[in-house]
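Participant:
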Amino acid sequence: MSETSGRPTFRFAPSPNGLLHLGHALSAFENRRRADAMGGRLLLRMEDIDRARCTPENEAAAIEDLAWLGIGFDGPVFRQSEHFAEYQAALDRLVAEGLAYPAFMTRGTVRQMVADHEAAGARWPRDPDGAPLYPARDRARPADERRALMAAGHRHAWRLDMAAALARIGAPLSWQEGTGDRTVEIAASPADWGDVVLSRSDAPSSYHLSVVVDDAAQGITHVVRGRDLYHATAVHRVLQVLLGLPQPLYHHHRLLLGPDGRKLSKSNNDTALRQLRAEGRSVADIRVLCGI
Ligand code: GLU
2 MSETSGRPTF RFAPSPNGLL HLGHALSAFE NRRRADAMGG RLLLRMEDID RARCTPENEA
62 AAIEDLAWLG IGFDGPVFRQ SEHFAEYQAA LDRLVAEGLA YPAFMTRGTV RQMVADHEAA
122 GARWPRDPDG APLYPARDRA RPADERRALM AAGHRHAWRL DMAAALARIG APLSWQEGTG
182 DRTVEIAASP ADWGDVVLSR SDAPSSYHLS VVVDDAAQGI THVVRGRDLY HATAVHRVLQ
242 VLLGLPQPLY HHHRLLLGPD GRKLSKSNND TALRQLRAEG RSVADIRVLC GI
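The numbering of the sequence shown is this note's numbering, which starts it at 2 and goes up by one.
Below is the structure:
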């Protein structure tokens, strides 16, 4: 059931698989600022579907760091790990509509296939994040073969049949991106992502599937997140249309880069908020380090 308050609704959605760093602070400040400017709400969502890497300790640390920054949230914490049934229902629907297929190849098998292909001089297509597109083999399997492999207990993920999905939608997709004081229509290129993963053999959902289900369930009207997720919005639009979900407005903010020129990650421990705090930095310092 979708929650609608009638007020602009934003969310900050970290994954508690490590400590929050300066990049998270920038994103959380941006969300709070924009929500306040519109008299809106800001919800906190823990994107913790990866049960192996997301821990209660990291979640508690994130909540404490956000409180230290002075960023308040409206309503209780929403945890993806408490909503697996909803993601399963969305996946079931895509499977029933013939838009998803079981994918049996492990990451290692795909890596090997790509390496063999490239060793023979041909380039394997890659998605906007640089990952090789999933090979066509499983998509092409006849239904009885898929059933037999599943019945024999072969581990599998589920992937979206992107070509079938786009054929079903039948019209070019776009999204609304807020830039400055204007909103512009951005043409989406979902085919660039190939057959994205919807659930993994070790996790009952994927980022793409849960994020669209949750944005709708939480009544999110404004998605404010880092530029690293700009192109992924194309995938989110596909899933929103297929599942009949509303589309929020998007704003993808600048990223903070590390000394190596790459986006900050949880392995850049020197930018972890608690590390900076332990070194005696104030919240005002954090704002300066975030460039705000
Ligand atoms: N969980 C994602 C992250 O920590 C953010 C996802 C989103 O905002 O859509 O990068």
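Where is the CB? At the ideal position from N, CA and C, for every residue including glycine. Source: prediction; values computed, not measured.
Does ligand 1 have a heavy atom nearer than 8 Å to the CB of residue 232?
Facilitator: No, the Cβ of residue 232 stays beyond 8 Å of every heavy atom of ligand 1.
Participant: Look up residue 179 in the DSSP assignment and say whether it is helix, strand or coil.
Facilitator: The answer is strand: DSSP assigns residue 179 an E or B state.
Participant: Applying the criterion that 16 or more other CB atoms from any shown protein chain within 10 Å of the CB defines a buried residue, is residue 2 buried or exposed?
Facilitator: With a pLDDT of 46 at residue 2, under the threshold of 50, the modelled position of this residue cannot be trusted, and the question is left open.
Participant: Please write down, chain order preserved, every residue whose beta carbon lies under 7 Å from a heavy atom of ligand 1.
Facilitator: With the cut-off at 7 Å, the residues found are 14, 15, 16, 48, 208, 212, 224, 226, 227 and 230.
Participant: Would residue 239 and residue 174 qualify as a contact pair, given that the criterion is a beta-carbon distance under 9 Å?
Facilitator: Closer than 9 Å, so yes.
Participant: What is the DSSP secondary structure of residue 2, reduced to helix, strand or coil?
Facilitator: With a pLDDT of 46 at residue 2, under the threshold of 50, the modelled position of that residue is not reliable, and the figure given next carries that caveat. In this structure, residue 2 counts as coil in the three-state DSSP scheme.
Participant: Residue range of the alpha helix (DSSP H) that residue 208 falls in?
Facilitator: Counting along the chain, the alpha helix (DSSP H) containing residue 208 begins and ends at 208–218.
Participant: In three-state terms, what does DSSP make of residue 72?
Facilitator: Residue 72 falls in the coil class under three-state DSSP.
Participant: Looking at the secondary structure, which residues open and close the alpha helix (DSSP H) in which residue 200 lies?
Facilitator: Careful: residue 200 lies outside any alpha helix (DSSP H), inside the beta strand (DSSP E) at 198–200.
Participant: Around the C-beta of residue 287, are 16 or more other C-beta atoms found within 10 angstroms, so that it is buried, or is it exposed?
Facilitator: Residue 287 comes out buried.
Participant: So, at 6 Å on beta carbons, what are the nonlocal neighbours of residue 232 in its own chain, with the 5 sequence-adjacent residues on each side left out?
Facilitator: Here the set comprises 129.
Participant: Is residue 70 near residue 284, with beta carbons less than 9 Å apart?
Facilitator: Yes, they are a contact pair.
Participant: Measuring CB to CB, does residue 102 end up less than 9 Å from residue 139?
Facilitator: In contact: residue 102 and residue 139 (Cβ atoms closer than 9 Å).
Participant: Go through its chain and collect everything with a Cβ distance to residue 185's Cβ below 6 Å, but skip five positions before and after it.
Facilitator: So the list reads 178, once near-sequence residues are dropped.
Participant: Around the C-beta of residue 148, are 16 or more other C-beta atoms found within 10 angstroms, so that it is buried, or is it exposed?
Facilitator: Exposed.
Participant: Within 8 Å, do at least three Cβ pairs link the stretch 86–97 to the stretch 209–220?
Facilitator: Enough Cβ pairs lie closer than 8 Å, so yes.
Participant: Can you tell me the Cβ-Cβ gap for residue 66 and residue 201, rounded? I've got them flagged as a contact below 8 Å.
Facilitator: Contact doesn't hold; Cβ gap of about 28 Å is too wide.
Participant: Take residue 256 as the anchor and find which of 226, 81 and 79 has the nearest alpha-carbon.
Facilitator: Nearest option by C-alpha distance: 226.
Participant: Name the DSSP beta bridge partners of residue 186, please?
Facilitator: Partner(s): 177.
Participant: Just how far apart, CA to CA, sit residue 244 and residue 221?
Facilitator: Rounded to the nearest angstrom, the two C-alpha atoms are 16 Å apart.
Participant: Which runs of the alpha helix (DSSP H) at least 4 residues long sit entirely within the stretch 112–172? Give them in chain order.
Facilitator: DSSP runs (the alpha helix (DSSP H)) wholly in the stretch 112–172: 144–152 and 163–170.
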